Amino acid sequence: MSDSTTTEAPAEPPAPAEESESKPSFMRVFGGYLTEANSVMVTVYSLLLAFLIGAILLIVSDEYTRSTFSYFFARPQDALAASWYLVRDSYTALFEGAILNLNTLESYQAGQADFGNLLRPLSETLTYATPLIFTGLAVGLAFRAGLFNIGAQGQLIFGMMGALIVGFSLDLPIWLHLPLAIIAGGLAGGALGAVPGVLKAATGAHEVISSIMLNNIAALFLVWALGTSFLHSETKSDLVSKPVDESAMLPTLLSSFNPSLRVNLALIIGFAAAVFTWWLLSKSTFGFRIRAVGFNEHAAATAGMRIGSTYTTTMTAAGALAGLGGAALALGVSSGGITTNTALDYGFSGITVALLGRANPGGIVASALLFGALKAGALSAQPDVPVDISTLLQATIVLFIAAPALVKAILHLRTPRGGLVTLEAKGW
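Encoded structure:
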């Protein structure tokens, strides 16, 4: 009797999982990203919501458009058409005043305008954006150390005066005079920025209180200084300073196309300052200390880092950046003499720029360009568009950026895995 052997059929391999289950599709991942309250989407939605609110306020503030809503249920198309044309024309005017004027483009194509006129809106945008780059970097750098440098306005004023004094009081060749004037602006701003840092390190005084008081001191000091014989213009009776020497003036970048285009070398210096700030924060030992202290000062102290020294040096560096913005004004667009209105609100707007840019140098540059465009567009579009629309849009953007939970609630966004990201200054 022979043994019978039974052979079993080999087991079939498991069926491969569906591709859609193992690897989500691109549209699914992208859609999930769009509906999540991450830092990028909160920034994008903040901009969109700000422009939406701006459109609503334009409609409400326009008398004719408002009148069409009195008979809305009888002829709704009138109110909708009037609203659409008002918002479209207003935002088109902002665009043409900041980027490219379409009428000038047609004239240029027809040979009736030169290329310089075509570049004028962009030149004005870059001119207004240049000081914002410096003040935004000044506020953003302090943010990374957990500090709120609200004193950028005063630091910019001091930098403006420091560059001005060197600019008119020395007789030097341009290759030496201009760099010295720029450095003087940075040193003057850094000296004022160091004061809140030293006070916080030595006494625990909060930098917001001390720096905002220094803003007032700097503004009043400028008023007094412009009235002295040392700074006051020798040819004008108004409260205006002496002009800087030609050897200390920042050269314009687009004068070959049109001599009246104002954007100058300070823009390139601003880009270089942003790159340097990025390197400082990302690649240097000092930048690591800044980030460590900003993330957790107690852990940084336990690791042997000197917290007070970091506060002082960070605020000094931040003040120097704002001071360079003041030098850009004194040696550039206001080289003919500064007044009490030269600084405008560049220092305070730098807070907005830093918030929108998430204290990231690249984001700060982009934010400064956006706000420069809003400023240039609003000024160019007068009287068709209220000049306050620029301030309104900036304020609304800040509101949403500073309160990501508000954007999340309005748009019903999902909470990201790491939680909502906000910029915080410690020490309150």
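Taking my numbering, the leading residue of the sequence shown gets 1443, the next gets one more, and so forth. Here a beta-carbon is modelled for each residue, glycine too, at the ideal position from N, C-alpha and C. Just so we're clear, the structure is a prediction, and the values are computed from it rather than from any experiment.
Sort the options by Cα distance to residue i and report the nearest one.
i, options, result
"VAL1807", "PHE1576, SER1512, GLU1548, THR1477", "PHE1576"
"VAL1871", "SER1702, PHE1813, HIS1648", "Because residue 1871 is not part of the residues shown, which for the chain are 1443 to 1870, the question remains open."
"GLY1799", "ALA1769, VAL1840, THR1752", "VAL1840"
"ALA1630", "THR1794, MET1757, SER1832", "MET1757"
"ALA1636", "VAL1486, GLY1765, LEU1490", "GLY1765"
"ASN1559", "SER1698, ALA1516, ASP1531", "SER1698"
"ALA1762", "ALA1516, GLY1596, LEU1695, ALA1492", "GLY1596"
"GLY1578", "TYR1788, ALA1818, LEU1490, ALA1847", "TYR1788"
"ALA1796", "PRO1518, GLY1646, LEU1811", "LEU1811"
"PRO1803", "ALA1716, ILE1651, ASP1826", "ALA1716"
"SER1832", "ALA1644, PHE1813, TYR1527, TYR1513", "PHE1813"
"ASP1531", "TRP1720, ILE1501, LEU1614", "ILE1501"
"ASP1830", "LEU1536, GLY1646, LEU1853", "LEU1536"
"ASN1591", "ALA1667, LEU1542, GLU1649, GLN1551", "GLU1649"
"LEU1709", "TRP1720, ASN1700, PHE1718, THR1694", "THR1694"
"PHE1672", "VAL1608, GLY1712, THR1645", "VAL1608"
"LYS1817", "VAL1529, LEU1564, GLY1736", "LEU1564"
"LEU1528", "SER1503, SER1512, TYR1550, LEU1542", "SER1503"
"LEU1668", "ALA1580, LEU1834, THR1784", "THR1784"
"HIS1854", "ALA1647, TRP1526, VAL1484", "VAL1484"
"LEU1771", "TRP1526, PRO1466, LEU1598", "LEU1598"
"ARG1859", "SER1481, SER1467, PRO1466", "SER1481"
"MET1603", "TRP1666, GLY1712, THR1645", "TRP1666"
"PHE1730", "ALA1847, LEU1707, ILE1749, GLY1712", "ILE1749"
With 16 other CB atoms within 10 Å as the buried threshold, where does residue i fall?
i, result
"GLY1601", "buried"
"HIS1740", "exposed"
"GLU1548", "exposed"
"MET1469", "exposed"
"ARG1517", "exposed"
"PRO1825", "exposed"
"SER1446", "Only weak support exists for where SER1446 lies, its pLDDT of 49 falling under 50; the value from the coordinates is given anyway. Label assigned to SER1446: exposed."
"TYR1506", "exposed"
"VAL1486", "exposed"
"LEU1618", "exposed"
"LEU1490", "exposed"
"LEU1634", "buried"
"GLY1805", "buried"
"ARG1856", "exposed"
"PHE1472", "exposed"
Taking 9 Å as the threshold (C-beta atoms), are residue j and residue i in contact?
i, j, result
"ALA1760", "ALA1571", "no"
"ILE1732", "GLU1688", "no"
"SER1822", "GLY1496", "no"
"LEU1872", "PRO1638", "Because the chain is modelled from 1443 through 1870, residue 1872 falls outside the range shown and cannot be assessed."
"VAL1682", "LEU1696", "no"
"PRO1621", "GLY1767", "no"
"LEU1612", "ILE1780", "no"
"THR1567", "ALA1661", "no"
"ALA1769", "ILE1624", "yes"
"LEU1722", "GLY1627", "no"
"ALA1837", "PRO1828", "no"
"THR1898", "ALA1587", "Examination of residue 1898 is not possible in this model, given that the chain is present from 1443 through 1870 alone."
"PHE1511", "ALA1523", "no"
"ILE1843", "ALA1594", "no"
"LYS1725", "ALA1479", "no"
"SER1777", "LEU1641", "no"
"ALA1643", "THR1754", "yes"
"LEU1834", "LEU1561", "no"
"LEU1589", "GLY1736", "yes"
"ALA1734", "GLY1582", "no"
"THR1569", "ALA1555", "no"
"PHE1557", "ASN1700", "yes"
Does any residue of chain B have a CB that is nearer than 9 Å to the CB of residue i?
i, result
"GLY1632", "Absent from the structure: chain B. Only one protein chain is present."
According to DSSP, is residue i helix, strand or coil?
i, result
"GLU1676", "coil"
"ASN1591", "coil"
"ASN1802", "coil"
"ASN1559", "helix"
"ASN1543", "coil"
"ARG1508", "helix"
"ARG1856", "strand"
"ILE1732", "helix"
"SER1446", "Residue placement at SER1446 cannot be trusted, given a pLDDT of 49 that sits under 50; the coordinates are not used to answer."
Given the structure, does residue i come close to the ligand MN, in the sense that its CB is under 8 Å from one of the ligand's heavy atoms?
i, result
"VAL1650", "The ligand content of the structure shown is nil, which means the ligand MN is not present either."
Task: 3 or more residues per run - each beta strand (DSSP E) lying fully within the region 1617-1696 - done: none
Task: Contiguous alpha helix (DSSP H) assignments of at least 4 residues, all confined to the region 1747-1818 - done: 1749-1770, 1788-1798
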